[in-house]
Amino acid sequence: MTYSLPELARLTACGVEVVRVTIAAVRGPSPREPGADMLVHRAGTFGSVGGGKIEFKALELALEMLDRCEALPRRRVLVAGGDGASGSVELWLDRFTAAEAELAARAAHLFEERRECVLVTAMDGGAGHRLLLTADSLDPREAPEPGQNATLRRAAHELVQQAAAVCLLGMGERRLMLERLARDHTPLWVFGAGHVGGALIRQLAELPFDITWIDSREEMFPHDLRGDVCAVLSDAPEAEVRHAPTGTWFVVLTHSPELDFEIGRAVLKRGDFEFLGMIASTQRAARNVERYTELGLPQTRIARITAPIGMPGVGSKAPAALALSIAAQLMQLRAANRAASAVANALRVRAKKGAYA
């Protein structure tokens, strides 16, 4: 996170005063996860901290900060509901003005360039209460920069290594919030711009995927294509597979079963994919497996094909329903992968602790 950075940079560059509301910590059930944020200015909002009572109160506090021109950050703990069984969230509210436009622009640039960094906000406020640390400056094997606190540096390094969103750090009487700013979208290549493909692209709007959308028919792409979707017109869609980055997720649902097969074969030949899902009947999926086997492709790769793609039990073959089931499956798999990675990262950090002490 955080996906609000480009908007924050744009607003501050235009001289708009903004309060950034961030969920710093949660206890028990909560409407959003730590690191989720919302921008509030006098003309509107961007993002969400979960809606309902929490967001209503956050909006009220943020507008109050704007009216009072408060320079110091605020910290508030709010209960998610009034039934006694709900969790609570710790919100940090921080006001940005044109004076912070340079910092916001730098953070947004690093975010868009996929260069991880850590934003440190001090609750005691005052001059210099924000600090932006780039991940490559946190290597524990390197000598600290002049004036850089070793405890802060270590905490920031662990945050990056664990791929966590946010952590809170107490340093004497100071309370710090450390946020990992990282564009961790999943690279997703969608083959096919027909009814299901178009519906899927719409379903994936505002979800954490960097989408490349490929078809051989120019007229199938909408004129109002979102800026975060890269449309590729190709006479040989299967040949485009070689341009995908390592770890790409592939969704194959073209107008031609034979083209689907060829795209799948190109993905399997590469072998470095994270996910391969294909639209097909169970009979056609089984036949494709037989054909891939006859071609001598590795069984370990063939076994990773998801076909038919989509969550079971939707009960409809309408394009919108199929797209919904595919989007839900992608999000579920992404969440499972991220949870497994978080555990692995935490174990790796724990094993390395003390190695550079």
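In my numbering, the protein residues as written are 6 to 362.
All C-beta atoms in this analysis are idealised placements derived from N, C-alpha and C, irrespective of residue type, glycine included.
Residue of the options minimising C-alpha distance to residue i
i	options	result
Trp97	Val45, Cys122, Arg270, Ala198	Val45
Ala312	Ala168, Arg292, Leu13, Met182	Arg292
Ser261	Asp42, Ala241, Phe278, Leu68	Ala241
Leu68	Ala285, Glu22, Gly175, Gln334	Glu22
Pro78	Thr102, Ala349, Cys235	Thr102
Gly92	His200, Arg159, Ile28	Ile28
Local Cβ density within 10 Å of residue i, reported as buried at 16 or more and exposed below that
i	result
Val195	buried
Leu300	exposed
His248	exposed
Gly87	Reliability of the predicted coordinates at Gly87 is poor, the pLDDT of 48 falling under 50, and no value is obtained from them.
Asp265	buried
Asp229	exposed
Cys74	exposed
Sequence-distant residues of its chain with Cβ nearer than 8 Å to residue i (five each side left out)
i	result
Gly276	Pro303, Arg306
Lys274	Leu302
Pro192	Phe214, Asp215, Thr217, Ala249, Pro250, Gly252, Thr253, Trp254
Span separating the alpha-carbon of residue i from that of residue j
i	j	result
Leu143	Arg37	29 Å
Met316	Ile331	6 Å
Ala30	Cys19	31 Å
Trp371	Ala106	Past the boundaries of the shown model lies residue 371; the chain is included only from 6 to 362, so the question cannot be answered.
Thr17	Ala187	20 Å
Gln167	Glu211	25 Å
Asp189	Glu60	25 Å
Glu33	Ala308	A quick correction: the sequence has Gly, not Glu, at residue 33. Each residue's alpha carbon lies about 39 Å from the other.
Glu223	Leu238	6 Å
Arg289	Gln208	26 Å
Val348	Val171	16 Å
Lys322	His200	11 Å
Gly318	Val257	20 Å
Gln334	Ile314	8 Å
Ala169	Thr259	37 Å
Residues of its chain near residue i, where Cβ-Cβ distance is below 6 Å and the 5 sequence neighbours each way are ignored
i	result
Ala362	Residue placement at Ala362 is flagged as unreliable, the pLDDT there being 49, under the threshold of 50; the coordinate-derived value follows with that caveat. Same-chain partners within the cutoff: there are none.
Ala198	Asp220, Met225, Phe226
Leu281	Phe255, Val272, Ile310
Cys235	Thr217
Three-way DSSP call (helix, strand, coil) for residue i in this model
i	result
Phe255	strand
Val237	strand
Asp88	Low local confidence applies: a pLDDT of 48 at Asp88 is under 50, so the model's placement there is unreliable, with the coordinate-based value given in what follows. Three-state DSSP puts Asp88 in coil, outside helix and strand.
Pro379	In the structure displayed, the chain extends from 6 to 362; residue 379 sits before or after that span and is not available.
Ile28	strand
Glu12	helix
Leu115	helix
Phe226	coil
Val23	strand
Met176	strand
His248	helix
Met128	coil
Beta-carbon proximity list for residue i, same chain, < 7 Å, skipping 5 on both sides
i	result
Gly57	Pro36
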